[in-house]
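Peer 1: Structure below; questions to follow.
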Amino acid sequence: MSNLKHLLKPSSIAVVGASIQPMRAGNIVMKNLLLGSFEGAIMPVTPRYKSVSGVLAYRDIDSLPIVPDVAILCTHASRNIALFTQLAAKGVKSVIVLSADMHETSSTGETIQDLCAAIARSSGMRVLGPNSLGLMLPWLNFNASFSPVSPQKGKIAFISQSAAMCTTILDWANDKSIGFSAFISLGNAVDIDFADLLDYLSTDTHTEAILLYVDSIKDARRFMSAARGASRNRRILVLKGGKTAEGRKAAKAHTGGSDTLDIIYDSAIRRTGMLRVQNSHELFAAVETLTHSVPLRGERLAIITNGGGPAIMAVDTLLDRGGKLAKLDEYTESKLDKVLPSSWSRSNPIDMVGDASYQRYVDTLNCLMDSDCADAILIMHSPSAIAHSEQTAQAIVDAVKAHPRHKRFNILTNWSGELTARPARSIFTAAGIPTYRTAESAVIAFMHLVEYRRNQKQLMETPTTAEPVHISEVESAKQWLTKQLGIEESVTLDTHQIGPFLKYFNFDVLPTWIATDASEAVHVASEIGYPVAVKLRSPDIPHKSDVQGVMLNLRNSNEVANAAQAILDRTQLSYPSANIHGLLVQGMAKLAGGEELRIKVKYDETFGPVILLGQGGSEWDENIDAASALPPLNMALARYLVVRAIKGGKIRLQKLPEPIDIDGLSEMLVKISQIVVDCPQVHELDIHPVLVNGDQFTILDADLSLRQYQGDAQRRLAIRPYPVEYEEQTTLKDGTNILLRPILPEDEPLHADFIHGVSRDDLYKRFFSEVGEFNHEALAKLTQIDYDREMAFVAVSSLGNRQEIIGVSRALINHDNSDAEFAILIRSDLKGKGLGKILMNKVIDYCRNRGTLRMSGMTMPNNRGMLLLAQSLGFKTDIQFEDGTADMVLPLQK
5 MSNLKHLLKP SSIAVVGASI QPMRAGNIVM KNLLLGSFEG AIMPVTPRYK SVSGVLAYRD
65 IDSLPIVPDV AILCTHASRN IALFTQLAAK GVKSVIVLSA DMHETSSTGE TIQDLCAAIA
125 RSSGMRVLGP NSLGLMLPWL NFNASFSPVS PQKGKIAFIS QSAAMCTTIL DWANDKSIGF
185 SAFISLGNAV DIDFADLLDY LSTDTHTEAI LLYVDSIKDA RRFMSAARGA SRNRRILVLK
245 GGKTAEGRKA AKAHTGGSDT LDIIYDSAIR RTGMLRVQNS HELFAAVETL THSVPLRGER
305 LAIITNGGGP AIMAVDTLLD RGGKLAKLDE YTESKLDKVL PSSWSRSNPI DMVGDASYQR
365 YVDTLNCLMD SDCADAILIM HSPSAIAHSE QTAQAIVDAV KAHPRHKRFN ILTNWSGELT
425 ARPARSIFTA AGIPTYRTAE SAVIAFMHLV EYRRNQKQLM ETPTTAEPVH ISEVESAKQW
485 LTKQLGIEES VTLDTHQIGP FLKYFNFDVL PTWIATDASE AVHVASEIGY PVAVKLRSPD
545 IPHKSDVQGV MLNLRNSNEV ANAAQAILDR TQLSYPSANI HGLLVQGMAK LAGGEELRIK
605 VKYDETFGPV ILLGQGGSEW DENIDAASAL PPLNMALARY LVVRAIKGGK IRLQKLPEPI
665 DIDGLSEMLV KISQIVVDCP QVHELDIHPV LVNGDQFTIL DADLSLRQYQ GDAQRRLAIR
725 PYPVEYEEQT TLKDGTNILL RPILPEDEPL HADFIHGVSR DDLYKRFFSE VGEFNHEALA
785 KLTQIDYDRE MAFVAVSSLG NRQEIIGVSR ALINHDNSDA EFAILIRSDL KGKGLGKILM
845 NKVIDYCRNR GTLRMSGMTM PNNRGMLLLA QSLGFKTDIQ FEDGTADMVL PLQK
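In short: position in the sequence shown from 1, add 4, done, that's this note's numbering.
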């Protein structure tokens, strides 16, 4: 589909269904456009009136004197199929649909929405809506909406699936004098969705931050890819509705989508480097923080207060959220001793005592800004007869601006109260200092900055490598799965049956035997030795606890016989029609000193396979008792999942002789991720539990659900995994064997060494500027790529056990796959060996196979080697000596 230029940079608009009737959408939209002083052409379309709001009207779309960039339909859905046909014939490139009733069925049996979408697709027309409030672009004075409130100009873009959230946010923002670069109501998002807009807004010069209100996501792969790319350039906040089962049901009725667990959305938002806020109140606070904040240097918060109680509440909120309280050093304490009374708290929070004057506030603040013991400072004020509210606020504003180091700190303020505090908060807002009504909201706002910083850090962290399962073992596992499924569409297997499969991935599984009845259970128990566990086998009873279907620590034949028969009797009584496949008998694992965890692979309609981790138990509620992550996982991501599960109380660590080996558990999760990536027939895998004793992980019970899978196995994953299919062995002119493969996040150290082997002149030709030392962030951006829209192939040579990257070719593909910007870099001492041509052919073949229309690149006119190579491969070159550039273009599709 075409890009969004016509929609988001319009020079003309047609208002179809324009009206002179008050309170009609066609009347409100016309008034908003005119009152907003849009400088482009405004063309009302209606057969009823000669003019609308003083503007000459046109009878129909065909009679419009020019082709509008945007058409906004203020019409009933029943008219929209005909109108879409006329708009397509006219050549209109973007349409905004306000109608909320497009789900109605047409005479052909299809919905009006589906028919209109088909017309738009065939003509290359982009559609915003239906059920949209409209579009507002303050920097263009463009308000094509039926919102009762207009936005101010600012640096924040807001995208929402809910029209009601749009008007709520807008009203609040105007009260706070917070402006927007774009205000976009997606509605049902039949075409244009979050991914399209994130791609566009992440490069928009007017946009510094992006806010999303999300009911549901339809295309997880596109959303994740666009969000990850955008979050590296812009700060993105997400407010997600539908946390509970009833909330998800309401969201599905509102905008469609699937019944995805809230924890899955939570992990997706973290994985992309965005920040989630929990409610509209937090969103308002976060907007204020983002609008005025500088990048956070660290997480240490210092608190200045004239009252102990509010400060205690601030500390409690900070620590509950996982924040860090700054520790005052001796130098800072000694400076504070000179400006504060002897009864001051002598610790953080800095309680200046209730008689603190505005000068005491200023002196204390200066002491903190003179030191390096804190990264952010929260200044709190309770109504006081000594420190006048407005006078103190103004003194603090002046002190902050006057201090030479003020940009090193995030300054936040909490002026409690209403009548006396409101003017003071206005002073802070006007000065660009975030201000909050309560201590809790101020700390939560600070923690938004902290959590955002952590998510960004996670996005850039260099992972370590887990030992992968050997390819021969993986192939054996695949063959085993194929054999188990046979011609069946789906199969469910239990612990006894899946032991061989789990052992292919080097998991330790407690040996299990099958018994058909109580007497056979006794025989098996006597063979393996006591104590034993006896468990029910039934595909129709997912929770054995429903019938007390697990009996542990059975120490003799009588106990086994009684327990086995009791399980069978209870099952027959409670579930008379259930299929009973006998009993499982296991030797008792060493439970003492161990901890039982539950790991589950669950298939979600939106995000595909997800991995859940928690404590488990018979009453396990996935959305409450588990943390989740999206595969593929490396060691860093798996460790984040484990730590998040522990900090969130999903894993309740016990005081054990041997505590859980977090690295070992992370490695187990990476192997489970490998199962998900390599074995598409695995629909669900439920390990309940795995017994953890230090670095020993024993699977006691597990169920595996298999389904036939056709097509590209990677498409079912929300994040494209490492594309192993592009690995290739080849040989240079001098006979050196090299491996061509996609780049890995773990390649950061190798890539740093490679850069050191490239001359300054070659780096200048590649980056068009003098290049200094590449820091971690720069290297992370080069190695941690999104395989769904970007590719980098590295040439790797091996000397014994040591590997070296000796060349890299890249392709950065735009979101509509029309162009791939390429770049290539070879180690300077290895030129003339054919490596450049090998890498270029590799990236050309990749782009051609994925249907990219063309490749383009730029170099310098004196880069003769690159220009000759490009020409030999069919690139057209255009050298501009005056600009010092040479463009190279290669059409890929005939």
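All C-beta atoms in this analysis are idealised placements derived from N, C-alpha and C, irrespective of residue type, glycine included.
Remember, predicted model here, so these are calculated numbers, not experimental data.
Just grab the DSSP bridge partners of Ala177 for me.
Peer 2: As a position in the sequence shown, residue 177 is number 173, starting the count at 1. DSSP, once it has assigned bridges, lists no residue as partnering Ala177.
Peer 1: For Pro387, which residues in the same chain have their Cβ closer than 6 Å to its Cβ, ignoring the five residues on either side in sequence?
Peer 2: Walking along the sequence shown from the start, residue 387 turns up at place 383. So the qualifying residues of the chain are Gly421, Thr424.
Peer 1: Check this for me: beta carbons of Arg719 and Val800, under 8 Å apart or not?
Peer 2: Working through the sequence shown from its first residue, we reach residue 719 at position 715. Working through the sequence shown from its first residue, we reach residue 800 at position 796. Their beta carbons are not under 8 Å apart, which means Arg719 does not touch Val800 by this criterion.
Peer 1: Where does Gln658 sit, in a helix, a strand or coil, going by DSSP?
Peer 2: Residue 658 sits at position 654 when you count from the first residue of the sequence shown. Coil.
Peer 1: Whole-angstrom Cβ separation of Leu803 and Arg852, contact assumed at under 8 Å?
Peer 2: In the sequence shown, residue 803 corresponds to position 799, counting from 1. In the sequence shown, residue 852 corresponds to position 848, counting from 1. Actually they do not touch by this definition, with Cβ atoms about 33 Å apart.
Peer 1: Mind checking who Ala537 pairs with in its DSSP beta bridge?
Peer 2: As a first step, residue 537 must be located in the sequence shown, where it is residue number 533. Paired residues: Gln590.
Peer 1: Would you call the segment 551 to 558 in contact with the segment 567 to 582, where contact means no fewer than 3 C-beta pairs closer than 8 Å?
Peer 2: Verdict: yes, contact present.
Peer 1: So the alpha helix (DSSP H) Glu286 belongs to, where does it begin and stop?
Peer 2: Along the sequence shown, one-based indexing puts residue 286 at 282. Residues 284 to 296.
Peer 1: Taking Cβ to Cβ, would you say Ser98 is nearer than 8 Å to His210?
Peer 2: Sequence index remark: in the sequence shown, residue 98 carries index 94 (1-based). Sequence index remark: in the sequence shown, residue 210 carries index 206 (1-based). No, the pair does not count as a contact, with Cβ atoms beyond the cut-off.
Peer 1: Drop a sphere of 10 angstroms on the beta-carbon of Met451, count the other beta-carbons inside from all chains shown, and report buried for 16 or more, exposed for fewer.
Peer 2: The residue given as residue 451 occupies position 447 in the sequence shown. Buried, because 16 or more other Cβ atoms sit within 10 Å of the Cβ of Met451.
Peer 1: Thinking C-beta only, is Gly191 closer than 8 Å to Ser136?
Peer 2: Here residue 136 is taken as the residue at index 132 of the sequence shown, counted from 1. Here residue 191 is taken as the residue at index 187 of the sequence shown, counted from 1. A contact, by the Cβ cut-off of 8 Å.
Peer 1: Quick one: grab the DSSP three-state call for Tyr440.
Peer 2: One-based indexing of the sequence shown puts residue 440 at position 436. If DSSP states are grouped into helix, strand and coil, Tyr440 belongs with the strands.
Peer 1: Since Val131 and Ala122 are thought to touch, with beta carbons under 8 Å apart, how far apart are those beta carbons, to the nearest angstrom?
Peer 2: By 1-based counting over the sequence shown, the position of residue 131 is 127. By 1-based counting over the sequence shown, the position of residue 122 is 118. Actually they are not in contact, since the Cβ atoms of Val131 and Ala122 sit about 11 Å apart, beyond 8 Å.
Peer 1: For Asp263, tell me which candidate among Gly612, Gly21, Met844, Thr396 has the shortest Cα-Cα distance.
Peer 2: Position 259 of the sequence shown, counted from the first residue, corresponds to residue 263. Among Gly612, Gly21, Met844, Thr396, the Cα nearest to that of Asp263 belongs to Gly612.
Peer 1: Going by C-alpha distance, which of Trp143, Met106, Asp625 is nearest Phe187?
Peer 2: Within the sequence shown, the letter at position 183 stands for residue 187. Minimum Cα distance to Phe187 is reached at Trp143.
Peer 1: Taking the beta strand (DSSP E) that His687 falls in, what are its first and last residues?
Peer 2: Residue 687 sits at position 683 when you count from the first residue of the sequence shown. Counting along the chain, the beta strand (DSSP E) containing His687 begins and ends at 686 to 697.
Peer 1: Any contact between the segment 716 to 731 and the segment 757 to 766? By contact I mean 3 or more CB pairs, one from each, below 8 Å.
Peer 2: No contact exists between the segment 716 to 731 and the segment 757 to 766.
Peer 1: By Cβ distance, which residues of its chain are closer than 6 Å to Asp682, with the 5 residues on each side in sequence left out?
Peer 2: For the purposes of this step, residue 682 is taken as the residue at position 678 of the sequence shown. The residues are Val478.
Peer 1: Of the choices Asp374, Asn36, Gly620, Ala389, whose alpha-carbon is the least far from that of Val357?
Peer 2: In the sequence shown, residue 357 corresponds to position 353, counting from 1. For the residues Asp374, Asn36, Gly620, Ala389, the minimum Cα distance to Val357 belongs to Ala389.
Peer 1: At a cut-off of 7 Å, is Val19 close to the ligand HEM when judged by its beta-carbon and the heavy atoms of the ligand?
Peer 2: Among the ligands in the structure shown, none appear at all, so the ligand HEM cannot be discussed.
Peer 1: Leaving out five residues on either side along the sequence, give the residues of the same chain with a beta carbon under 6 Å from the beta carbon of Ala446.
Peer 2: Position 442 of the sequence shown, counting from 1, holds the residue named residue 446. Hits under 6 Å: Leu382, Leu416, Asn418, Tyr440.
Peer 1: Within 10 angstroms of the Cβ of Ser41, are there 16 or more other Cβ atoms? Answer buried if so, exposed if not.
Peer 2: Indexing the sequence shown from 1 puts residue 41 at position 37. Label assigned to Ser41: exposed.
Peer 1: Which of the three DSSP states, helix, strand or coil, is assigned to Leu616?
Peer 2: As a working mapping, residue 616 is identified with position 612 in the sequence shown. Of the three classes helix, strand and coil, the one that applies to Leu616 here is strand, per DSSP.
Peer 1: Tell me whether Met5 sits in a helix, a strand or coil according to DSSP, three-state version.
Peer 2: Position 1 of the sequence shown, counted from the start, is the residue given in the question as residue 5. Reliability of the predicted coordinates at Met5 is poor, the pLDDT of 40 falling under 50, and the value obtained from them is presented with this limitation in mind. Three-state result, Met5: coil.
Peer 1: Shortest alpha-carbon distance to Arg301 belongs to which of Glu334, Leu205, Asn310, Ala378?
Peer 2: Within the sequence shown, numbered from 1, the residue matching residue 301 stands at position 297. Nearest of Glu334, Leu205, Asn310, Ala378 to Arg301, Cα basis: Ala378.
Peer 1: Apart from the five residues just before and just after Ala104, which ones in its own chain have a Cβ nearer than 6 Å to its Cβ?
Peer 2: Residue 104 sits at position 100 when you count from the first residue of the sequence shown. Contacts found: Asn135.
Peer 1: Can you list the alpha helix (DSSP H) stretches of 4 or more residues lying completely in the segment 421 to 492, in chain order?
Peer 2: For the segment 421 to 492, whole alpha helix (DSSP H) runs of length 4 or above, ordered along the chain, are 426 to 435, 443 to 464, 475 to 489.
Peer 1: Our contact map puts Pro467 next to Asn638 with C-beta atoms below 8 Å; I'd like the distance itself, whole angstroms only.
Peer 2: Taking the first residue of the sequence shown as position 1, residue 467 is located at position 463. Taking the first residue of the sequence shown as position 1, residue 638 is located at position 634. That pair is a contact at about 4 Å.
Peer 1: According to the neighbour-count rule (16 or more other Cβ atoms, all chains shown, within 10 Å of its Cβ), is Lys54 buried or exposed?
Peer 2: Numbered from 1 along the sequence shown, position 50 holds the residue referred to as residue 54. The residue is exposed, with fewer than 16 neighbouring Cβ atoms inside 10 Å.
Peer 1: Determine which residues share a DSSP beta bridge with Gly312 and list them.
Peer 2: Start at 1 with the first residue of the sequence shown, and residue 312 comes out as number 308. In the DSSP output, where bridge partners are listed per residue, Gly312 has none listed.
Peer 1: Leu743 to Glu729, Cα distance in whole Å?
Peer 2: Indexing the sequence shown from 1 puts residue 743 at position 739. Indexing the sequence shown from 1 puts residue 729 at position 725. Rounded to whole angstroms, Leu743 to Glu729 spans 13 Å at the Cα level.
Peer 1: Please report how far the alpha carbon of Ala519 lies from the alpha carbon of Arg541, in whole angstroms.
Peer 2: The residue you call residue 519 lines up with position 515 of the sequence shown. The residue you call residue 541 lines up with position 537 of the sequence shown. When rounded, the distance between both Cα atoms is 9 Å.
Peer 1: Should Thr112 be labelled buried (16 or more other beta-carbon atoms within 10 Å of its own) or exposed?
Peer 2: As a position in the sequence shown, residue 112 is number 108, starting the count at 1. Burial call: exposed.
Peer 1: According to DSSP, is Ala122 helix, strand or coil?
Peer 2: As a first step, residue 122 must be located in the sequence shown, where it is residue number 118. It is helical.
Peer 1: Helix or strand or just coil, what does DSSP make of Ser15?
Peer 2: To locate residue 15, count along the sequence shown from 1; it is residue 11. Note: Ser15 maps to coil in three-state DSSP.
Peer 1: Please name the residue in Asp203, Ile65, Gly233, Arg274 whose C-alpha comes closest to that of Ala633.
Peer 2: Counted from its first residue, the sequence shown places residue 633 at position 629. Of Asp203, Ile65, Gly233, Arg274, the residue nearest in Cα terms is Arg274.
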